[in-house]
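Here's the structure we're looking at; comments come further down.
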Amino acid sequence: MSLDKATVAKVANLARIKIEEKDLEPMAAELNNILGWVEQLGEVDTDDVEPMTSVAEMSLRWRADEVTDGGYVEDVVANGPNHEDGFFAVPKVIE
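Take the numbering used here: the last position of the sequence shown gets the number 127, and nothing is skipped along the way.
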């Protein structure tokens, strides 16, 4: 894929980036280089490569899945302007 000056100007306009007319050609060349690198990445054989989240081997710490907080309903709803039966009360918006 190759970008021309008109495409670069359109993308710059959509991104709300001001690019002077004299800078369109160099920007098109830079973007074409970047797109070339992306195409090269697409040619790399990654069939036997496992997905990874980091270059360093890591494992997440596990913790017990238990409720550690609760039973403070009155304290929580006291932060709102209006509450009833342990729930925030809000004005009706749909008739």
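The beta carbon of each residue, even a glycine, is placed where N, CA and C say it ideally should be.
Nothing here was measured: the structure is a model prediction, and the numbers come from that model.
Environment of alanine 60 [buried if 16+ CB atoms lie within 10 Å]:
Counting from one through the sequence shown, the residue named residue 60 turns up at place 28. Its Cβ being crowded by 16 or more others within 10 Å, alanine 60 is buried.
What separation, rounded to the nearest whole angstrom, lies between the Cα atoms of threonine 85 and proline 123?
The sequence position of residue 85 within the sequence shown is 53, counting from 1. The sequence position of residue 123 within the sequence shown is 91, counting from 1. Approximately 45 Å, taken between the alpha carbons.
Which same chain residues end up closer than 7 Å to alanine 121 when comparing Cβ atoms and leaving out the 5 residues on each side of it in sequence?
Looking up residue 121 in the sequence shown gives position 89. These residues qualify, in order along the chain: Asn114 and His115.
Using a Cβ-Cβ cut-off of 7 Å (strictly less than) and excluding sequence neighbours within five positions of valine 105, which residues of its own chain qualify?
Here residue 105 refers to the residue found at position 73 of the sequence shown. Excluding residues within five positions, the ones whose Cβ falls inside 7 Å are Gly118.
Could you give the residue range of the alpha helix (DSSP H) that holds glycine 74?
In the sequence shown, the residue the question calls residue 74 occupies position 42. Here the alpha helix (DSSP H) through glycine 74 covers 53-74.
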